[in-house]
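Chemist:
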Amino acid sequence: MSQIEELESSIDIVELVKKYTNLKKAWVNYKALCPFPWHNEKTPSFVVSPSKQIAHCFGCQRWWWPLKFIMDVENCEFREALEILSNITWMKITWYDREKEQMKKNVYSLFRDIVTYYKKSLSSYPQIQKYLFDRWLSEESIKTFEFWYADSWIELYNYLIQKWYNDELISQSNVFLDLKTKKDKFIGRIIFPIKNIRWDIVALAWRIIESWEPKYLNSPASNIYDKSSILYWLFEARNEITKKDFVIITEWYMDTISLHRAGFKNTVCVSWVALTEKHIAIIKKLTSKIYLCFDNDKAWINATNLSIERLKNKDLEVHIISLEWWKDPDDIIKSWIDFNIFIKNALSPIWYNLKLLQINDSLQDKKELLKKLLDIVKNYQDSIEKDFYLKEISKKLDIKIDIVYLEYNKTKLAKREDEFSVKILKKLTSEDLVIWYLIKYQDKFDFIKQNIKFKNYIWNDLKEILEKWINIINEFELSKKNKYISISQNDEALEIRAQIENQVIKNDEKIENIILKTIDKLNSNTSKEAETILKQKIASWDTEALNEYKELLKVRKR
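Numbering-wise, the numbering used here comes out as the position in the sequence shown, counting from 1, plus 27.
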């Protein structure tokens, strides 16, 4: 994927167009008055398609993609439009190389001519067509998914030379073993294309007919083909994904093709890799619901787990389709079983992990299983999502929800200690803790102030806050300000520890009791420090210090 393609794919065209006109939802698309000055209309005819990442005005009869839209709406040149999009996405681009981009366009053109050659060859091999029919592929499917057959040795090379392609460009296709032999590396194989989000052919996939290995192969990575950013058949599936509001993701092409033929046209394929961050960014523009449907073997269980990990905290609803004893979705479809049953029974990430970790129903095993599941949940950030998963764990393991939450809080506290927040809090002085209470419970300001006995001897920071109110922290020097902000941001750890120690704060009275414990410690420490200071002054015949010491003793007795 080129920098420009990556830049445009990272843009949500709906959000982009919203900056220039008032969009309104119209089923799966958006409508608006045309934002361009040459078209003054009263009835909206400007349509934006989030699934296709394009805009079209039925009045102007013109089309736009993100880059073209910016060029027209800002009335700017190509380079300036790139800079505008770059600023919107915060994506840095090493400046546009026109020669390199033209080379990519030429490679796209080369692939179009390669597939034109392959298309002609399939009709000459009835035995290959029979093989495809035996694989449950109809003539319509063969045409739709563009299955071809590679039968050339050097004929393809000669064909491309006749089309005026040079060796440098031909080598970019990775179709030939080498340019010395000019032999087509796909010979004797069924071929079908891999396309990018713009429907350009960027690579080829193939399957052998005979028994030698490897059975399935892809073109290698190249300047125009990057597995981490390509989802097979996405261009055709986009509208259906948006319409159904979920996507099914399989591991390889035939699974996707079988599901499309069975009516599940919202299916795409990751081409034998786990879901990547680039894949996730593309999917999020189309839907917030993902159904992972990978095979049951060890490699793909690992790929499923890695994909789940990458999908965490992405504001996506994740389901895992369990194939049970079936080999793959292709087998299920060929057995005439309704795949909707598998979608309906799809598992949450926690339930999926629970099935993977299934062990004997002993007390110790249940404890171990709970710990492993809570270790997974603690990395989720959304509170509603965590609550859902904790309730699911409670139900599946038959453990009371209060106990699950208590154990979760222990796990969470351990995690926060690893992240050092609790370690820092353990080092805080009683003055620091009182300031934390003042920040957290500002309605208790007067209560806290009244119970601090030796205000003349407390730290200046606390003294100043008590005299001038909590907002004075904003005027502290940066290091002190950051310290108290850090305390307030990490206060969750204190509450977790209180809960574990059965000190759950449920009402005002309990809050005040907990605060008083800290203030008592502060008063005790301050009293001892004041006594030391006053005794030193009294030893120097300071009569005022003597009076203060007498007052100190009276306050202590109270």
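Ideal Cβ placement from N, Cα and C applies to all residues, glycine included.
State yes or no: is the beta carbon of F203 nearer than 8 Å to at least one beta carbon in chain D?
Modeler: You won't find chain D in this structure, because it holds only one protein chain.
Chemist: Taking the CB atoms as reference points, tell me whether F174 and A289 lie closer together than 8 Å.
Modeler: Not closer than 8 Å, so no.
Chemist: Below 6 Å CB to CB, which residues in the same chain sit around N529 once its five sequence neighbours on both sides are set aside?
Modeler: Unreliable positioning characterises N529 in this predicted model, as indicated by a pLDDT of 46, which lies under 50. A coordinate reading is not provided.
Chemist: Any chance the stretch 340 to 356 sits against the stretch 301 to 314, with 3 or more Cβ pairs inside 8 Å?
Modeler: Touching, per the Cβ criterion.
Chemist: In the DSSP assignment, what are the bridge partners of L319?
Modeler: Answer is I276 and I347, bridged to L319.
Chemist: Of the residues A572, Q477 and W568, which one's Cα is nearest the Cα of N550?
Modeler: It is Q477.
Chemist: For my contact list, A230 and I217 are in at a C-beta cut-off of 8 Å; report their separation, rounded to the angstrom.
Modeler: With a Cβ gap of about 15 Å, A230 and I217 do not count as contacting.
Chemist: Using only the alpha-carbon positions, how far apart do L384 and S349 sit?
Modeler: Cα to Cα, L384 sits roughly 15 Å from S349.
Chemist: On the three-state DSSP scale, how would you describe D227?
Modeler: In the structure shown, D227 sits in coil (DSSP, three-state: anything other than H, G, I, E or B).
Chemist: Out of curiosity, what's the CA-to-CA distance linking K450 and I364?
Modeler: With a pLDDT of 49 at K450, under the threshold of 50, the modelled position of this residue cannot be trusted; read the value that follows with caution. Near 56 Å, if we compare the C-alpha coordinates of I364 and K450.
Chemist: Taking DSSP as the reference, what is the three-state secondary structure of T294?
Modeler: DSSP places T294 in strand when its eight states are reduced to three.
Chemist: Run the CB neighbour count on R139, radius 10 Å, all protein chains shown included, and call it buried at 16 or more, exposed below.
Modeler: Looking at its Cβ environment, which holds fewer than 16 other Cβ atoms inside 10 Å, R139 is exposed.
Chemist: Taking just the CA atoms, how far does V404 sit from A330?
Modeler: Cα to Cα, the separation comes out at about 19 Å.
Chemist: Measure the CB-CB distance between I546 and I475 and report whether it falls below 8 Å.
Modeler: Going by C-beta atoms, I546 is nearer than 8 Å to I475.
Chemist: So, is K439 buried or exposed, given that buried needs 16 or more other C-beta atoms within 10 angstroms?
Modeler: It is buried - the Cβ of K439 has at least 16 other Cβ atoms within 10 Å.
Chemist: Whole-angstrom Cβ separation of I81 and W91, contact assumed at under 8 Å?
Modeler: Indeed, because the Cβ distance is near 7 Å, the residues count as touching under 8 Å.
Chemist: Report yes if the C-beta distance between F85 and S72 is below 8 Å; otherwise report no.
Modeler: Yes, the pair counts as a contact, with Cβ atoms nearer than the cut-off.
Chemist: Can you have a look at K131 and say buried or exposed, based on whether 16 or more other CB atoms are within 10 angstroms of its CB?
Modeler: Answer is buried; the Cβ neighbour count reaches 16.
Chemist: For the beta strand (DSSP E) holding A59, just list the boundary residues, first then last.
Modeler: Where A59 is concerned, the enclosing beta strand (DSSP E) stretches over N56 to A59.
Chemist: Leaving out five residues on either side along the sequence, give the residues of the same chain with a beta carbon under 8 Å from the beta carbon of K158.
Modeler: Lys is not the amino acid found at residue 158; the sequence shown has Tyr there. Only I217 and I236 meet the Cβ criterion.
Chemist: Is it buried or exposed for E571, if we count other Cβ within 10 angstroms and need 16 for buried?
Modeler: Classification for E571: exposed.
Chemist: Can you round the beta-carbon distance between T269 and P93 to whole angstroms, since I take them to be within the 8 Å contact cut?
Modeler: With a Cβ gap of about 17 Å, T269 and P93 do not count as contacting.
Chemist: Applying the 10 Å Cβ sphere with the 16-neighbour rule, what's the burial state of W233?
Modeler: W233 is buried by the Cβ-count criterion.
Chemist: Just to confirm my understanding: we take S255, look at its own chain, exclude 5 residues before and 5 after, and list those with CB closer than 6 Å. What are they?
Modeler: The answer, listed in chain order, is T303 and K305.
Chemist: Could you round the C-beta distance between T116 and L34 to whole angstroms and report it? I think they count as a contact, below 8 Å.
Modeler: T116 to L34, Cβ: 6 Å. Contact.
Chemist: What residue range is occupied by the uninterrupted alpha helix (DSSP H) comprising L76?
Modeler: First, the amino acid is wrong: residue 76 is Ser here, not Leu. Note, S76: premise wrong, no alpha helix (DSSP H); beta strand (DSSP E) at F73 to S76.
Chemist: Using only CA atoms, which one of S389, L381, I377 and W463 lies nearest to E412?
Modeler: Nearest C-alpha to E412: I377.
Chemist: Is D211 helix, strand or coil by DSSP?
Modeler: In the structure shown, D211 sits in a strand (DSSP, three-state: E or B).
Chemist: Excluding the 5 residues preceding and the 5 following L460 in the sequence, name in chain order all residues of the same chain whose CB lies nearer than 6 Å to its CB.
Modeler: Correct list, in chain order: T545.
Chemist: In three-state terms, what does DSSP make of A566?
Modeler: Here A566 sits in coil by DSSP.
Chemist: Would you mind stating whether I420 and Y379 have Cβ atoms separated by less than 8 Å?
Modeler: The answer is no: Cβ separation not under 8 Å.
Chemist: Give me the DSSP bridge partner(s) of L390.
Modeler: According to DSSP, L390 bridges with nothing at all.
Chemist: Quick one: is E578 buried, meaning 16 or more other Cβ sit within 10 Å of its Cβ, or exposed?
Modeler: Flag for E578 reads exposed.
Chemist: With a cut-off of 8 Å, do at least 3 Cβ pairs link the stretch 169 to 183 to the stretch 144 to 151?
Modeler: Verdict: yes, contact present.
Chemist: Run the CB neighbour count on I430, radius 10 Å, all protein chains shown included, and call it buried at 16 or more, exposed below.
Modeler: It is exposed - the Cβ of I430 has fewer than 16 other Cβ atoms within 10 Å.
Chemist: Confirm, please, whether the CB-CB distance from V295 to L258 is below 8 Å.
Modeler: Yes. Within cutoff.
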